[in-house]
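Those protein sequence lines, which keep their order, are chains A and B.
20 is the number that UniProt numbering gives to position 20 of the first sequence; each next residue is one higher, with no gaps.
145 is the number that UniProt numbering gives to position 145 of the second sequence; each next residue is one higher, with no gaps.
Backbone N, C-alpha and C fix where the C-beta goes; we use that ideal spot for every residue, glycine too.
Have a look at the structure below, then the notes.
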Amino acid sequence: MSAMLEPGQIITTFGPKVQLLEQNENDDSCATFQIKDEDHTLGNSLRYMLMKNPNVTLAGYSLPHPSEARFNLRIQTDGTIKPLDALNKGLDDLIDMFQEIYDKFDYKLKLKDYILEEDAEPDAE
Amino acid sequence: MIPPMKVSSIDFPNNFSNNLDLSWDLEAFKKNFNVVITKLTKLNIEFDFIGLDASIANSLRRYMLAEVPTMAIETVYVKYNDGIMADEVLAHRLGLVPLKVDPRQFEFSTPGENPTDLNTLVFKLDAFCRKNTKALKDAVHPSEKYLNSSVYSSNLEWVPQGEQAEKFEDVKAVDEDIILTKMRPGQQINLEMFAVKGVGQDHVKFSPITKPGCYRLLPEIKILKPILNEEAKLFQSCFSKGVIDLVENNDGDLEAKVVNPRLDTVSRNVFMHPEFEVDVESSGIYPPHVIVKEGLLGLIEKCKKIKEALE
Numbered sequence: 001m002s003a004m005l006e007p008g009q010i011i012t013t014f015g016p017k018v019q020l021l022e023q024n025e026n027d028d029s030c031a032t033f034q035i036k037d038e039d040h041t042l043g044n045s046l047r048y049m050l051m052k053n054p055n056v057t058l059a060g061y062s063l064p065h066p067s068e069a070r071f072n073l074r075i076q077t078d079g080t081i082k083p084l085d086a087l088n089k090g091l092d093d094l095i096d097m098f099q100e101i102y103d104k105f106d107y108k109l110k111l112k113d114y115i116l117e118e119d120a121e122p123d124a125e
Numbered sequence: 001m002i003p004p005m006k007v008s009s010i011d012f013p014n015n016f017s018n019n020l021d022l023s024w025d026l027e028a029f030k031k032n033f034n035v036v037i038t039k040l041t042k043l044n045i046e047f048d049f050i051g052l053d054a055s056i057a058n059s060l061r062r063y064m065l066a067e068v069p070t071m072a073i074e075t076v077y078v079k080y081n082d083g084i085m086a087d088e089v090l091a092h093r094l095g096l097v098p099l100k101v102d103p104r105q106f107e108f109s110t111p112g113e114n115p116t117d118l119n120t121l122v123f124k125l126d127a128f129c130r131k132n133t134k135a136l137k138d139a140v141h142p143s144e145k146y147l148n149s150s151v152y153s154s155n156l157e158w159v160p161q162g163e164q165a166e167k168f169e170d171v172k173a174v175d176e177d178i179i180l181t182k183m184r185p186g187q188q189i190n191l192e193m194f195a196v197k198g199v200g201q202d203h204v205k206f207s208p209i210t211k212p213g214c215y216r217l218l219p220e221i222k223i224l225k226p227i228l229n230e231e232a233k234l235f236q237s238c239f240s241k242g243v244i245d246l247v248e249n250n251d252g253d254l255e256a257k258v259v260n261p262r263l264d265t266v267s268r269n270v271f272m273h274p275e276f277e278v279d280v281e282s283s284g285i286y287p288p289h290v291i292v293k294e295g296l297l298g299l300i301e302k303c304k305k306i307k308e309a310l311e
């Protein structure tokens, strides 16, 4: 018989940045990850991207305490994919999205079809 | 049915019964997403993100405010200070002075380690106030009666360390006219300051954005039924100046037309007049060139860090 786990006990550690919290051993379609030194900045955009995945039935995040730099990310899938794979895909999609925003912003900046004041430095890198 | 644009999006897969494919599609996003830059000045940028979720725009805003690094004075060594301002208050004021130097040329310093020319800038401030012997007899203002009665940010003197003199032209405060403290004849201030690289998360003095970086949803004003003549004038008065224009239509009547919804403050005054059939809702997203780019690159870096940890 396996020992009872304390609520929120860390069971797997992916380096110092990400940890997997306690979960039901019989159900591998859901997981709670704890991500350190991150807040709403990553949490909310990652939640949005996870929810955009049709195989994810629930994605949510919370900051357990405002003065602790970490957030918990709950992912529940429909069983066809593992939460870890969903998280990886979410991060890949987010990178693609930010790259596209960067590319388009850079392109539009170079077009210079906006109000450009004399003291502006549009070519500064 | 395409779901309406809301502040918090609801266009997620399985949210609607009509099997609409709302899952993430990069190609569809590339087609739909647009950036419209409207204005660029020395210190401000104004642009629209069209077709972007509020959560993503907010992440960018948060990142730019709190995680794009700058250099700021962190340690002040007070050798001499008999001015009116206490050491710690003066040190705090010095910390808040924005420094004109590219932070990307520096490394973050590690606590407990000795500062090097790669992570620290050194400044000196040496000011002595004395009576102005050339002042007119009837001079009243301290700036005429005394010399150095006000200490400005231009008095900060950069002391290049190591290879810094070759690497940087001149390091000084962004604005030269910030009053740091005031003095009277006989008073003297002699300080040495260390500036380090930091992020806004740690202290606002490190934030690269001075006015709050902000975004808002661009107001969209739809006139559902033509509004004519007197009603049109009343309709125009419900919005900020420049939002609604009155134009003469084919029948010779004055008709209200939306010309610049950007100027609207979304006051909702129009809803006090039930005779107007309008739909005021929000669509698209609105925030303030390099900070934005750094912000986006930083967010990409953030995602990659988590990915590394998962492998």
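So, is the C-beta of residue i closer than 8 Å to a C-beta in chain B?
{"i": "A124 (chain A)", "result": "yes"}
{"i": "L84 (chain A)", "result": "yes"}
{"i": "L94 (chain A)", "result": "yes"}
{"i": "F105 (chain A)", "result": "yes"}
{"i": "L116 (chain A)", "result": "yes"}
{"i": "H40 (chain A)", "result": "yes"}
{"i": "E121 (chain A)", "result": "yes"}
{"i": "E68 (chain A)", "result": "no"}
{"i": "K110 (chain A)", "result": "no"}
{"i": "residue 130 (chain A)", "result": "Residue numbering for chain A in the displayed model covers 1 to 125; residue 130 (chain A) lies beyond these limits and cannot be assessed."}
{"i": "N53 (chain A)", "result": "yes"}
{"i": "G15 (chain A)", "result": "yes"}
{"i": "E45 (chain A)", "result": "Per the sequence shown, residue 45 (chain A) should be read as Ser rather than Glu. Yes, contact with chain B."}
{"i": "N88 (chain A)", "result": "yes"}
For the beta strand (DSSP E) holding residue i, just list the boundary residues, first then last.
{"i": "R104 (chain B)", "result": "Note, R104 (chain B): premise wrong, no beta strand (DSSP E); not H, not E."}
{"i": "N81 (chain B)", "result": "T70 to N81"}
{"i": "V36 (chain B)", "result": "N34 to L40"}
{"i": "G60 (chain A)", "result": "V56 to S62"}
{"i": "F49 (chain B)", "result": "I45 to I50"}
{"i": "E255 (chain B)", "result": "L254 to V258"}
{"i": "I244 (chain B)", "result": "I244 to E248"}
{"i": "E157 (chain B)", "result": "E157 to V159"}
For residue i, decide whether its Cβ has a neighbour in chain A, counting only Cβ atoms nearer than 8 Å.
{"i": "H289 (chain B)", "result": "yes"}
{"i": "N14 (chain B)", "result": "yes"}
{"i": "L40 (chain B)", "result": "yes"}
{"i": "D53 (chain B)", "result": "yes"}
{"i": "K305 (chain B)", "result": "yes"}
{"i": "W158 (chain B)", "result": "no"}
{"i": "A309 (chain B)", "result": "yes"}
{"i": "V122 (chain B)", "result": "no"}
{"i": "Y63 (chain B)", "result": "yes"}
{"i": "G284 (chain B)", "result": "Here G284 (chain B) scores only 27 on pLDDT, less than 50, and its place in the model is too uncertain to base an answer on."}
{"i": "N249 (chain B)", "result": "no"}
{"i": "N18 (chain B)", "result": "no"}
Whole angstroms are fine: how far does the CA of residue j sit from the CA of residue i?
{"i": "V204 (chain B)", "j": "R62 (chain B)", "result": "13 Å"}
{"i": "Y80 (chain B)", "j": "V97 (chain B)", "result": "20 Å"}
{"i": "R130 (chain B)", "j": "S143 (chain B)", "result": "11 Å"}
{"i": "K241 (chain B)", "j": "L263 (chain B)", "result": "7 Å"}
{"i": "I73 (chain B)", "j": "M64 (chain B)", "result": "20 Å"}
{"i": "A195 (chain B)", "j": "S29 (chain A)", "result": "50 Å"}
{"i": "V68 (chain B)", "j": "I291 (chain B)", "result": "7 Å"}
{"i": "V122 (chain B)", "j": "H141 (chain B)", "result": "34 Å"}
{"i": "N53 (chain A)", "j": "D92 (chain A)", "result": "12 Å"}
{"i": "M102 (chain A)", "j": "L234 (chain B)", "result": "Per the sequence shown, residue 102 (chain A) should be read as Tyr rather than Met. Cα to Cα, Y102 (chain A) sits roughly 43 Å from L234 (chain B)."}
{"i": "K42 (chain B)", "j": "E22 (chain A)", "result": "51 Å"}
{"i": "L60 (chain B)", "j": "L296 (chain B)", "result": "7 Å"}
{"i": "Y146 (chain B)", "j": "T133 (chain B)", "result": "8 Å"}
{"i": "W158 (chain B)", "j": "G83 (chain B)", "result": "22 Å"}
{"i": "D251 (chain B)", "j": "T265 (chain B)", "result": "32 Å"}
{"i": "K108 (chain A)", "j": "F33 (chain A)", "result": "38 Å"}
{"i": "D279 (chain B)", "j": "D53 (chain B)", "result": "Because the pLDDT at D279 (chain B) is just 42, under 50, the model does not fix this residue reliably, and the value given afterwards should be weighed accordingly. So the alpha carbons of these two residues sit roughly 21 Å apart."}
{"i": "E169 (chain B)", "j": "N119 (chain B)", "result": "17 Å"}
Which residues share a DSSP beta bridge with residue i?
{"i": "K131 (chain B)", "result": "B:Y146"}
{"i": "M193 (chain B)", "result": "B:V76 and B:F123"}
{"i": "I179 (chain B)", "result": "B:Y152"}
{"i": "C30 (chain A)", "result": "A:Q76"}
{"i": "W24 (chain B)", "result": "Note: W24 (chain B) sits in no beta bridge, so no partner."}
{"i": "K36 (chain A)", "result": "A:R70"}
{"i": "G198 (chain B)", "result": "B:T70"}
Starting from residue i, trace the alpha helix (DSSP H) both ways and give me its first and last residue.
{"i": "M97 (chain A)", "result": "P83 to L111"}
{"i": "D117 (chain B)", "result": "No alpha helix (DSSP H) contains D117 (chain B), which DSSP labels as neither H nor E."}
{"i": "Q236 (chain B)", "result": "N229 to S237"}
{"i": "V290 (chain B)", "result": "V290 to L310"}
{"i": "Q164 (chain B)", "result": "Q164 to K167"}
Closer than 9 Å by beta-carbon distance: list the chain D residues that pair up with residue i, in chain order.
{"i": "L91 (chain A)", "result": "Included in the structure are the protein chains A and B, with no chain D among them."}
Query raised in the report: When Cβ atoms are compared, which residues of the stretch 290 to 303 of chain B fall closer than 8 Å to chain A?
Result: V290, V292, K293, L296, L297, L299, I300, K302 and C303
Requested in this report: Using a Cβ-Cβ cut-off of less than 7 Å, give me the residues of the stretch 203 to 237 of chain B that come near chain A, in sequence order.
Outcome: Closer than 7 Å at the C-beta level to chain A, one finds no residue of the stretch 203 to 237 of chain B.
Query - Chain-ordered residues of the stretch 100 to 130 of chain B with a beta carbon less than 8 Å from chain A - result: none
Requested in this report: Output, in sequence order along the chain, the residues in the stretch 23 to 36 of chain B whose CB is closer than 8 Å to any CB in chain A.
Outcome: Taking 8 Å as the Cβ-Cβ cut-off against chain A, the residues of the stretch 23 to 36 of chain B that qualify are S23, W24, L26, F29, K30, F33, N34, V35 and V36.
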